[in-house]
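Asks: Those sequence lines, one after another, are chains A and B. What the first sequence shows, in the numbering used here, is residues 1 to 156, in sequence order. What the second sequence shows, in the numbering used here, is residues 1001 to 1156, in sequence order. Once you've had a glance at the structure underneath, I'll fire off some questions.
Protein chains: 2
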Amino acid sequence: MPWRDGAGAPWLHGKFKGCGYRMTMPRQIILDVLSGTADHLSAEDVYHKVHNAYPSIGLTTVYRTLELLVHIGLIYKFDFGDGRSRYELAEGSKSDRHHHHLVCTGCGRIIDYTDFIDEEIELLKKTEKGLSEKYNFKITNHLIQFYGLCDRCQNK
Amino acid sequence: MPWRDGAGAPWLHGKFKGCGYRMTMPRQIILDVLSGTADHLSAEDVYHKVHNAYPSIGLTTVYRTLELLVHIGLIYKFDFGDGRSRYELAEGSKSDRHHHHLVCTGCGRIIDYTDFIDEEIELLKKTEKGLSEKYNFKITNHLIQFYGLCDRCQNK
DNA sequence: TCTTTTTTGAAAATGATTTTCATTTTCATT
DNA sequence: AATGAAAATGAAAATCATTTTCAAAAAAGA
Ligand SMILES: [Mn+2]
Ligand SMILES: [Mn+2]
Ligand SMILES: [Zn+2]
Ligand SMILES: [Zn+2]
């Protein structure tokens, strides 16, 4: 990520202001944290990571900012069944980093996978088209998760 | 549902006892409630419905039973983003009542759809096979949801 | 019936998220 | 640079779905 010095990616300023929001330090850092990891962070995870660079951050602001980022569409919010929401940077279905999840019901491990996505994307496109027409439903997003046991959890 | 008189489907007794659990009145009624609706009930929804036939029911028991039913695999637990878990009778991917969901982010409406499932199922099967092998992950279930705006919510 | 194990319900506890509210920051205008 | 309105922030309190505790009731077995 070339744009250091705490400025965050420049085009994001526009994204925020365009929606009538201000690009503030807490928001930048929170976004930086989410941009800098492939993990699926909880609000408190984010809070702790941000705290390093910006000790005065409040957990409330983290929650508010995450909600905002989800609303703007910059991040995704997930429920993997462990009682807290988890977030990751949004990568549209065109991006080569777009992925779906395997969720281990044994240990809670989350595995990102991008394999087989091509076919999935194609089917998804077709399905979304059909559903949009039949139910007059404007689809903006999809969620696909597989549940099961990871290698570790299978062997006892 | 032919087996009334509060007995519940007979084969369920076996299902319960086979797992070392007892088929009690609260459990039967809770299962009956979920069998008798296509809605996506919250724990409290279930509690209220059960209360008619069994006024002494406790909310705690509802939570415990729902958890048990999910564990046994008789019902599914969903998070549609409204802050409470919702449940529905499990219909395996073979069943003709198996379906996926459209979730309206505007009003929270949930639409069941079975259309286009055939192709989805086929792809899912292939995908699951591939993922199982590559990640050595034993897949037992999947979740597919589409988010967007329902007809009502689109027109302002 | 007697005994053991499971289930149940009320009340209290938990804990993630939201709300409140006074203070601080931002940003467009003087 | 100073000003003022609007937006953003953080600490503390409130919410509220879900879980835990614990003593009493129900079920299975001998
Ligand atoms: Mn991911
Ligand atoms: Mn459904
Ligand atoms: Zn695992
Ligand atoms: Zn709607």
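Here a beta-carbon is modelled for each residue, glycine too, at the ideal position from N, C-alpha and C.
(1) For ligand 5, which residues have a Cβ under 7 Å from at least one heavy atom, in chain order?
(2) Which residues in the same chain have their Cβ closer than 6 Å to the Cβ of K49 of chain A, if we skip the five residues on either side of it in sequence?
(3) Might you give, ordered along the chain, the residues of its own chain that have their beta carbon closer than 6 Å to the beta carbon of T1105 of chain B, omitting 5 neighbours on each side?
(4) Counting only Cβ-Cβ distances shorter than 8 Å, please list the residues of the stretch 1085-1119 of chain B near chain A, keeping chain order.
(5) At a cut-off of 6 Å, is G106 of chain A close to ligand 3 when judged by its beta-carbon and the heavy atoms of the ligand?
(6) Are the CB atoms of V1046 of chain B and E1062 of chain B within a distance shorter than 7 Å?
(7) For N60 of chain A, does the count of other Cβ atoms within 10 angstroms reach 16, so buried, or fall short, so exposed?
(8) Measure from the C-beta of G130 of chain A to each C-beta in chain B and report whether the shortest distance is under 7 Å.
(9) Taking the straight line between their C-alpha atoms, what separation do you get for R1084 of chain B and Q28 of chain A?
(10) Among residues of its own chain, excluding the 5 on either side of K138 of chain A, which ones have a beta-carbon nearer than 8 Å to its beta-carbon?
(11) Which class does S132 of chain A belong to by DSSP, given the choice of helix, strand or coil?
(12) Between N1155 of chain B and chain A, is there a C-beta pair that is closer than 7 Å?
(13) Of all the CB atoms in chain A, is at least one closer than 7 Å to the CB of Y1147 of chain B?
(14) What residues match up with Q154 of chain A in a beta bridge as DSSP calls it?
(15) Does A1038 of chain B pass the burial test, meaning 16 or more other C-beta atoms within 10 Å, or should it be called exposed?
(16) Mind checking A1053 of chain B: buried by the 16 CB within 10 Å criterion, or exposed?
(17) Just the Cα atoms here: how many angstroms apart are G130 of chain A and C1150 of chain B?
(18) Establish whether the CB of L123 of chain A and some CB of chain B are separated by less than 7 Å.
(19) To the nearest angstrom, report how far apart K94 of chain A and I75 of chain A are at their CA atoms.
(20) Give, in chain order, every unbroken run of the beta strand (DSSP E) that is at least 3 residues long and sits entirely within the stretch 1039-1104 of chain B.
(21) Is R1152 of chain B close to ligand 4? I mean its beta-carbon at under 6 Å from any heavy atom of the ligand.
(22) Is the shortest distance between the beta-carbon of D1151 of chain B and the beta-carbons of chain A less than 7 Å?
(23) What residue from A:S56, A:L31 and A:G36 has the CA that sits closest to T65 of chain A's CA?
(24) Scan the stretch 1046-1061 of chain B for residues whose Cβ lies nearer than 7 Å to a Cβ of chain A and list them as they occur along the chain.
(25) As a quick exercise: from A:P26, A:S35 and A:G14, pick the residue whose alpha carbon is nearest that of H51 of chain A.
(26) From the DSSP secondary-structure annotation, give me the bridge partner or partners of F146 of chain A.
(27) D171 of chain A lies in the beta strand (DSSP E); which residues open and close that run?
(28) By DSSP, does G36 of chain A sit in helix, in strand, or in coil?
(29) With distances taken from CA atoms, which of B:L1123, B:D1118, B:I1110 and B:Q1145 is nearest C1153 of chain B?
(30) Exposed or buried, which one is T127 of chain A when buried takes at least 16 other CB atoms within 10 Å?
(31) Cβ closer than 9 Å: which chain B residues qualify as neighbours of L143 of chain A?
(32) Return the chain-ordered list of same chain residues with a C-beta closer than 8 Å to the C-beta of I1072 of chain B, the five sequence neighbours on each side being excluded.
Replies: Working from what's here:
(1) No copy of ligand 5 appears in this structure; the ligands present are ligand 1, ligand 2, ligand 3 and ligand 4.
(2) Once the five neighbours on either side are set aside, the close Cβ partners of K49 of chain A are V33.
(3) So the list reads Y1147, once near-sequence residues are dropped.
(4) The stretch 1085-1119 of chain B vs chain A, Cβ under 8 Å: L1102, C1104, T1105, I1111, Y1113, D1115, F1116 and E1119.
(5) Taking non-hydrogen atoms of ligand 3 into account, the C-beta of G106 of chain A is found less than 6 Å away from one of them.
(6) Glu is not the amino acid found at residue 1062 of chain B; the sequence shown has Val there. Yes, the Cβ-Cβ distance between V1062 of chain B and V1046 of chain B is below 7 Å.
(7) The residue asked about is misnamed: residue 60 of chain A is Thr in this sequence, not Asn. Looking at its Cβ environment, which holds fewer than 16 other Cβ atoms inside 10 Å, T60 of chain A is exposed.
(8) At a cut-off of 7 Å between C-beta atoms, G130 of chain A counts as an interface residue with respect to chain B.
(9) Going from the Cα of R1084 of chain B to the Cα of Q28 of chain A covers about 31 Å.
(10) Cβ neighbours of K138 of chain A within its own chain (closer than 8 Å, five residues either side excluded): S132.
(11) In this structure, S132 of chain A counts as helix in the three-state DSSP scheme.
(12) Not a single CB atom of chain A sits nearer than 7 Å to the CB of N1155 of chain B.
(13) Yes, its Cβ sits closer than 7 Å to a Cβ of chain A.
(14) BP columns for Q154 of chain A are empty, so no partner.
(15) Of the other Cβ atoms in all chains shown, fewer than 16 fall within 10 Å of the Cβ of A1038 of chain B; this residue is therefore exposed.
(16) By the 10 Å Cβ count, A1053 of chain B comes out exposed.
(17) Going by the C-alpha atoms only, they are around 14 Å apart.
(18) So, interface residue.
(19) Taking the straight line joining both Cα atoms gives about 15 Å.
(20) Taken in chain order, the whole beta strand (DSSP E) runs of length 3 or more contained in the stretch 1039-1104 of chain B are 1075-1079, 1085-1089 and 1100-1104.
(21) Taking the Cβ of R1152 of chain B as the reference point, at least one heavy atom of ligand 4 falls within a distance shorter than 6 Å.
(22) It does; some Cβ of chain A falls within 7 Å.
(23) The residue with the shortest Cα to Cα distance from T65 of chain A is A:L31.
(24) Correct list: empty, as no residue qualifies.
(25) With distances taken between Cα atoms, H51 of chain A lies closest to A:P26.
(26) Residue pairing by DSSP puts F146 of chain A in a beta bridge opposite A:L102 and B:H1142.
(27) Absent from the structure is residue 171 of chain A, since the part of chain A shown begins at 1 and ends at 156.
(28) Residue state, collapsed to three classes: coil.
(29) Per the Cα distances, B:I1110.
(30) By the 10 Å Cβ count, T127 of chain A comes out buried.
(31) Simply V1103, L1143, I1144, Q1145, F1146 and Y1147.
(32) So the qualifying residues of the chain are K1015, F1016, C1019 and Y1021.
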